[in-house]
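Engineer: Numbering (full-length UniProt numbering), first residue to last: 1 to 332.
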Amino acid sequence: AIRSAIGLNVFRLIPDDGASVSVQQLAQETGADERLISRILRACASTHVFDNPSEGHYSHNAASRAFLKEQNRDMFQQMYDFVGKGTYALPQYFKLTNWKDPNDYNNSAFHLGQNTKLGFWEYLKEDPERMRLFNSGMRSVATIGGENKSSGPFPFEILVGADPTEQVTVVDVGGGRGQALEAIHENYPLIQWNMILQDQPDVVEDAKAKGLPSYIQGQGGSFFEPQTVKGAHAYIFRRIFHDWNDQDSQTILEQTRSALSPSSRILIFDTVVPSVQAPRDLALQDLNMMSFAGMERTDRQWEELLKASGLRLVKFWRSNVTKHAVIEGSLP
Numbered sequence: 001a002i003r004s005a006i007g008l009n010v011f012r013l014i015p016d017d018g019a020s021v022s023v024q025q026l027a028q029e030t031g032a033d034e035r036l037i038s039r040i041l042r043a044c045a046s047t048h049v050f051d052n053p054s055e056g057h058y059s060h061n062a063a064s065r066a067f068l069k070e071q072n073r074d075m076f077q078q079m080y081d082f083v084g085k086g087t088y089a090l091p092q093y094f095k096l097t098n099w100k101d102p103n104d105y106n107n108s109a110f111h112l113g114q115n116t117k118l119g120f121w122e123y124l125k126e127d128p129e130r131m132r133l134f135n136s137g138m139r140s141v142a143t144i145g146g147e148n149k150s151s152g153p154f155p156f157e158i159l160v161g162a163d164p165t166e167q168v169t170v171v172d173v174g175g176g177r178g179q180a181l182e183a184i185h186e187n188y189p190l191i192q193w194n195m196i197l198q199d200q201p202d203v204v205e206d207a208k209a210k211g212l213p214s215y216i217q218g219q220g221g222s223f224f225e226p227q228t229v230k231g232a233h234a235y236i237f238r239r240i241f242h243d244w245n246d247q248d249s250q251t252i253l254e255q256t257r258s259a260l261s262p263s264s265r266i267l268i269f270d271t272v273v274p275s276v277q278a279p280r281d282l283a284l285q286d287l288n289m290m291s292f293a294g295m296e297r298t299d300r301q302w303e304e305l306l307k308a309s310g311l312r313l314v315k316f317w318r319s320n321v322t323k324h325a326v327i328e329g330s331l332p
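1. CB Gly175 to CB Leu197, shorter than 7 Å?
2. Grab me the residues of Glu29's own chain with a C-beta within less than 6 Å of its C-beta, minus the 5 sequence neighbours each way, in chain order.
3. Excluding the 5 residues preceding and the 5 following Ala45 in the sequence, name in chain order all residues of the same chain whose CB lies nearer than 6 Å to its CB.
4. Straight-line CA distance for Glu34 to Ala27?
5. From the DSSP output, in three-state form, read off Gly220 for me.
6. Measure the alpha-carbon distance for Leu133 versus Asp74 and round it to whole angstroms.
7. Is the distance from the Cβ of Met195 to the Cβ of Val170 below 7 Å?
8. Check each candidate in Ala209, His111, Leu68, Ser22 and name the one with the smallest Cα separation from Ser140.
9. Measuring alpha carbon to alpha carbon, tell me which of Asn245, Trp121, Gly18 ends up nearest Asp199.
10. Consult DSSP for Pro91 and reduce its assignment to one of helix, strand or coil.
11. Since I believe Ser330 is in contact with Leu311 (beta carbons under 8 Å), could you give me their beta-carbon distance rounded to a whole number of angstroms?
12. Thinking Gln227 and Ala259 are a contact (beta carbons under 8 Å), I'd like their distance in whole angstroms, please.
13. Alpha carbon to alpha carbon, what distance is there between Phe237 and Asp101?
14. Locate the alpha helix (DSSP H) running through Arg280, then write down its first and last residues.
15. Just list the residues that DSSP pairs Phe269 with in beta bridges.
16. Report, in whole angstroms, the separation of the C-beta atoms of Gly113 and Gly86, which I expect to be a contact under 8 Å.
17. For Met290 versus His242, is the C-beta distance shorter than 7 Å?
18. Taking all protein chains shown into account, decide if Val276 is buried (16 or more other Cβ within 10 angstroms of its Cβ) or exposed.
19. For the beta strand (DSSP E) containing Arg312, list its first residue and its last residue.
20. With DSSP as the reference, label Asp246 as helix, strand or coil.
21. For Asp202, which of helix, strand or coil comes out of DSSP?
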């Protein structure tokens, strides 16, 4: 129902001043059947999205107002259209694969649900609108998670050496449009930064076109290839590894390990699932990632992944501001 309301643009047609609007008026403005709109909004209101103050009339409430932001609508749409179909196909996929834990990016429930031969990322890149929805939706995730202005729980000042005028080099691997680097720069303005954003060439070019700050250098490439920046103070991976199975994640880490100096740190911004009584949202999020052979990991699984990649777990940095921890790794 919510996805249909997004498709009808209903969230933007209902006034934000608390006044209600009739389904008759919405039908006139959208061209949709009046009874159809009534049934869709009735279902939305039953989940506390929109208020239904009188028969045939609907108004905004706190939950529905969240969808006035385009990035929140895009987040819901891409979860429903892209991820959701794969998640719904999981039971059928399990049966077809004899109940094996999904670990093949090129043969996943996503392929089954979308009826495609393309992997998740290739599917997005096939259509510019899909990629736009995904990138916009990820900004919504960062906002809801309290990460837009937060540099996370890791204290970046400890990267500064004995000479405070020395440049501190950080590489954001798979960093999208550079939001994480911008947050770090804003929260630690006195550090002399050398900031490098790495992502797919088209993503980096898009970031530059949209106004990448002058203090960030953009580099196109792939994290499945050897890291070209050697001996940086820190290599950041934010919400990267939950997209990938252990084998692919190990490959990514190994390609970075070869660039590390003895003092370099790997900083993984990601979820750490409690080993006992995991909260519902993290457990369900793991099912979503499972649909294209990714996974959310426990502290033990993170430690095992780092060890298998020839790295050492240094520390879990946690915060009450965001559900994402920072998993710090280094050379043994």
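Positions of the beta carbon are idealized from the N, C-alpha and C atoms, including for glycine.
Structural biologist: Taking the definition as stated:
1. Looking up residue 175 in the sequence shown gives position 175. Looking up residue 197 in the sequence shown gives position 197. Yes; because the gap between Cβ atoms is below 7 Å, this pair is in contact.
2. Position 29 of the sequence shown, counting from 1, holds the residue named residue 29. Leu13, listed in sequence order.
3. Sequence index remark: in the sequence shown, residue 45 carries index 45 (1-based). Closer than 6 Å at the Cβ level, and outside the excluded window around Ala45, lie Asn52.
4. As a working mapping, residue 34 is identified with position 34 in the sequence shown. As a working mapping, residue 27 is identified with position 27 in the sequence shown. For Glu34 and Ala27, the distance between alpha carbons rounds to 5 Å.
5. The residue labelled residue 220 in the question sits at position 220 within the sequence shown. DSSP places Gly220 in strand when its eight states are reduced to three.
6. For the purposes of this step, residue 133 is taken as residue 133 along the sequence shown, with counting starting at 1. For the purposes of this step, residue 74 is taken as residue 74 along the sequence shown, with counting starting at 1. Cα to Cα, Leu133 sits roughly 5 Å from Asp74.
7. Here residue 195 is taken as the residue at index 195 of the sequence shown, counted from 1. Here residue 170 is taken as the residue at index 170 of the sequence shown, counted from 1. In contact: Met195 and Val170 (Cβ atoms closer than 7 Å).
8. Translated into positions along the sequence shown, residue 140 becomes position 140. Looking at the Cα atoms, Leu68 is the closest of the given residues.
9. On the sequence shown, position 199 is the one that residue 199 refers to. Per the Cα distances, Trp121.
10. Position 91 of the sequence shown, counted from the first residue, corresponds to residue 91. Residue state, collapsed to three classes: helix.
11. In the sequence shown, residue 311 corresponds to position 311, counting from 1. In the sequence shown, residue 330 corresponds to position 330, counting from 1. Between Ser330 and Leu311 the Cβ distance is about 7 Å, and since that is below 8 Å, they are a contact.
12. Stepping through the sequence shown from its first residue, residue 227 is reached at position 227. Stepping through the sequence shown from its first residue, residue 259 is reached at position 259. Their Cβ separation, rounded to whole angstroms, is 4 Å, which keeps Gln227 and Ala259 in contact under 8 Å.
13. Locating residue 101 in the sequence shown gives position 101, counting from the first residue. Locating residue 237 in the sequence shown gives position 237, counting from the first residue. Approximately 24 Å between the Cα atoms of the pair.
14. For the purposes of this step, residue 280 is taken as the residue at position 280 of the sequence shown. Run containing Arg280: 280 to 290, per the alpha helix (DSSP H) assignment.
15. The residue given as residue 269 occupies position 269 in the sequence shown. BP columns for Phe269 point to Arg238, Val326.
16. Your numbering for residue 113 matches position 113 in the sequence shown. Your numbering for residue 86 matches position 86 in the sequence shown. Correct: roughly 4 Å between the Cβ atoms.
17. On the sequence shown, position 290 is the one that residue 290 refers to. On the sequence shown, position 242 is the one that residue 242 refers to. No; because the gap between Cβ atoms is not below 7 Å, this pair is not in contact.
18. Taking the first residue of the sequence shown as 1, we reach residue 276 at position 276. Classification of Val276: exposed, given that the 10 Å Cβ count is below 16.
19. One-based indexing of the sequence shown puts residue 312 at position 312. Run containing Arg312: 312 to 317, per the beta strand (DSSP E) assignment.
20. As a first step, residue 246 must be located in the sequence shown, where it is residue number 246. Correct three-state label for Asp246: helix.
21. Numbered from its first residue, the sequence shown carries residue 202 at position 202. Helix, per DSSP.
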